[in-house]
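Enquirer: Every position in the sequence shown, counted from 1, becomes a number in this note's numbering once 236 is added. Note that the Cβ used here is the ideal one computed from N, Cα and C, for glycine as well. Just so you know, these numbers come straight off a predicted model, no measurement behind them. Please find one structure pasted underneath; my questions will follow.
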Amino acid sequence: MALLPILCYPDQRLHKVAQPVRAVDDRIRALIDDMLETMYDASGIGLAATQIDVHERLVVIDVSEERNQPLVLINAEITWMSDVRVKGEEGCLSVPGIYDGVERATAVKVTALDRHGQTQNIEAEGMLAICIQHELDHLKGKVFVEYLSPLKQGRIKTKLVKAQKAER
Ligand code: K1U
Ligand code: ZN
């Protein structure tokens, strides 16, 4: 297993659109294990393959308190989302130190493959529903800050570019 480097906003690779996983094989299972290790190490509740510069439709999530309920979504599609929406605070491992409110559907239904290539149908609400929408946005090349005003987006870009220059 290995820790993978996470792309940092405004890296343009975060805007690439992911392609479907062609086969759920040992390469994908090794990637899943590395992504889970990377997510847990970074104290995240989710990670999309886009964030580690792999542009395939693969997401890992664990919203459990105990951090022992990993969920793997391969080629996931949202089949239904509630009309009821809620504004909640979001963060992102690719946008370190930035948290802001985003409006999302409170509940979603998702169909996806698991790590064995089996179809799973998931009904999610609460934090899991929010996290699924956030991660599937990553696969479309969308970062949560794009829901914020252009003014806020500009400020976030400036702050993170400055921080990245200082790190070098
Ligand atoms: O980078 C990511 O996609 C993971 C991201 C997932 C997420 C967090 C909050 C709302 C929606 C999606 C994170 O795990 S950010 C770090 C984190 O653990 C966290 C931040 C704010 C609220 C809850 C958790
Ligand atoms: Zn994110």
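Beta carbon of Q255: closer than 7 Å to some heavy atom of the ligand GTP?
Expert: Only the ligand K1U and the ligand ZN can be found as ligands here, which leaves the ligand GTP out of the picture.
Enquirer: According to DSSP, simplified to helix, strand and coil, what is I366?
Expert: It is helical.
Enquirer: Please tell me whether, using a cut-off of 7 Å, the distance from the CB of G327 to the nearest non-hydrogen atom of the ligand K1U is below it.
Expert: Yes.
Enquirer: For a minimum of 4 consecutive residues, which ranges assigned as the alpha helix (DSSP H) are wholly contained in the stretch 284-370?
Expert: Qualifying alpha helix (DSSP H) stretches: none in this window.
Enquirer: Whose C-beta lies closer than 7 Å to the C-beta of G280 among residues of the same chain, with five residues either side of it excluded?
Expert: Taken in chain order, the residues that qualify are L329.
Enquirer: Measuring from the CB of H426, is there a heavy atom of the ligand ZN at a distance below 7 Å?
Expert: It is not possible to answer for residue 426, since the shown part of the chain is limited to 237 through 404.
Enquirer: How many angstroms separate the CA atom of G362 from the CA atom of V338?
Expert: Rounded to whole angstroms, G362 to V338 spans 14 Å at the Cα level.
Enquirer: Can H291 be considered in contact with the ligand ZN, in the sense that its beta carbon sits closer than 7 Å to one or more heavy atoms?
Expert: No; taking the cut-off as 7 Å, the Cβ of H291 has no heavy atom of the ligand ZN nearer than that.
Enquirer: Could you check the C-alpha separation between N304 and M275 for me, to the nearest Å?
Expert: C-alpha separation (whole angstroms): 12 Å.
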